[in-house]
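What follows is one structure encoded as structure tokens, with my remarks underneath.
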């Protein structure tokens, strides 16, 4: 994917496995990429909402690591 290209991101569900979506945002950030639109269902919608609200990837990672079963 070329830097500067426009794209949308769709995040699915999957319970706690959906926290892997935070890693997607980390990888995008490292490459200087940001989606135009982010949508999701279940845990994906929570991660999308966190990103859309301006939460940093680092904060999302910290919160994900704090989750205890």
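Residue numbers (the working numbering): 162 to 230.
Here a beta-carbon is modelled for each residue, glycine too, at the ideal position from N, C-alpha and C.
This structure is a prediction, so every number in the text was calculated from the model and none was measured.
Tell me whether residue i is buried or exposed, calling it buried when 16 or more other Cβ atoms sit within 10 Å of its Cβ.
i           : result
residue 181 : exposed
residue 205 : buried
residue 203 : exposed
residue 220 : exposed
residue 228 : exposed
residue 168 : exposed
residue 179 : buried
Output the boundary residues of the beta strand (DSSP E) element that contains residue i.
i           : result
residue 172 : 169 to 172
Write down the C-beta distance between residue i and residue j rounded to the nearest angstrom, noting that I regard them as a contact closer than 8 Å.
i           : j           : result
residue 225 : residue 183 : 5 Å
residue 177 : residue 199 : Between residue 199 and residue 177 the Cβ distance is about 20 Å, and since that is not below 8 Å, they are no contact.
residue 201 : residue 175 : Not quite, the Cβ-Cβ distance comes to about 11 Å (not below 8 Å), so this is no contact.
Is residue i near the ligand FAD, going by C-beta to nearest heavy atom under 7 Å?
i           : result
residue 180 : Absence of the ligand FAD from the depicted structure is noted, as is the absence of any ligand whatsoever, leaving it without description.
Checklist line | Length-filtered (4 minimum) alpha helix (DSSP H) runs lying within the stretch 181 to 221 | finding: Those alpha helix (DSSP H) runs which fall completely within the stretch 181 to 221 and span 4+ residues are 181 to 191, 204 to 213.
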